[in-house]
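In this text, residue positions in the sequence shown follow my numbering: the first is 44, and each later residue adds one. Note sheet for the following structure.
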Amino acid sequence: MAKVPRHEFVPLEVQPYAYLNRPLPIGFDKTISPPLMVAVMTDLLELKPNDVVLENGTGLGYQAAMLAELAGSVYTVEIIDELAQRAVQRLKREGYTNVEVRVGNGYFGWPEHAPFDKVIVTAAPDLIPAPLINQLKAGGRMLIPVGLPDAQHLVVADKDVNGKVRTKEITQVLSSLLEGPDEPVFRAS
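Below is the structure:
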């Protein structure tokens with residue numbers, strides 16, 4: 044946590060609050076998660092140095108930077124083009140070379156780089172999207188907030204070597220909603 048300068052991944056006007064344990068606005072009605080939630084989610088992924096990770100919901104790139112410190116490769120999808128471009132700039136400025144950012148609908152993952160050892164989702168669908176389960180390696184782990192807006196839970200989903208998925212609710216959360224399958228898969232950037 045100490046290696047990634049959180050203040051570099053928030054807008055200038057909220058930088059004085061970057062290290063408070065609370066969500067902060069990053070534009071487009073989106074927020075950066077509190078540092079404690081980022082730490083908990085990162086820890087629950089049980090990352091290994093060679094892991095290939097899919098992140099859905101890049102925002103300004105803070106979680107991607109955290110993942111990049113612990114994993115081999117990070118592929119991150121952001122639906123809002125301007126946030127994705129700002130994340131690319133921030134990640135590049137901070138020297139992260141093992142992160143690739145794509146503008147698109149995270150519901151569909153990033154099939155060209157699948158399967159992934161780990162998947163982390165920062166926005167909540169009603170149910171775990173089938174494309175994300177399909178892109179998770181056997182033996183892989185996904186962390187995702189799931190549920191209706193007033194009843195979301197952070198869920199760990201482990202896929203065993205036979206492809207069977209077991210889920211475990213960790214805690215109640217309040218996340219923005221993941222765009223559904225009716226939104227475009229990828230947008231021109």
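Glycine included, C-beta positions come from ideal geometry on N, C-alpha and C.
With DSSP as the reference, label Leu126 as helix, strand or coil.
Three-state result, Leu126: helix.
Rounded to the nearest angstrom, what separates Leu126 and Arg136 at their Cα positions?
Each residue's alpha carbon lies about 15 Å from the other.
Quick check: what's the CA-CA separation for Pro189 versus Val162?
Here residue 189 is Val; the residue named in the question, Pro, does not match the sequence. Distance between the alpha carbons of Val189 and Val162 is about 14 Å.
Hey, Met84 and Leu186: beta-carbon distance below 7 Å or not?
Yes. Within cutoff.
Can you tell me whether DSSP reads Leu97 as helix, strand or coil?
Strand, per DSSP.
Could you work out which residue in Ala61, Pro192, Leu191 and Gly183 is closest to Val204 when comparing CA atoms only?
For the residues Ala61, Pro192, Leu191 and Gly183, the minimum Cα distance to Val204 belongs to Gly183.
With distances taken from CA atoms, which of Asn148, His196 and Ala107 is nearest Arg129?
If we check each option's Cα against that of Arg129, Ala107 comes out closest.
What does the alpha-carbon distance come out to for the pair Thr101 and Phe151?
Roughly 14 Å separates the two Cα atoms.
DSSP three-state label for Gly183, please.
Reduced to three states, the DSSP call for Gly183 is strand.
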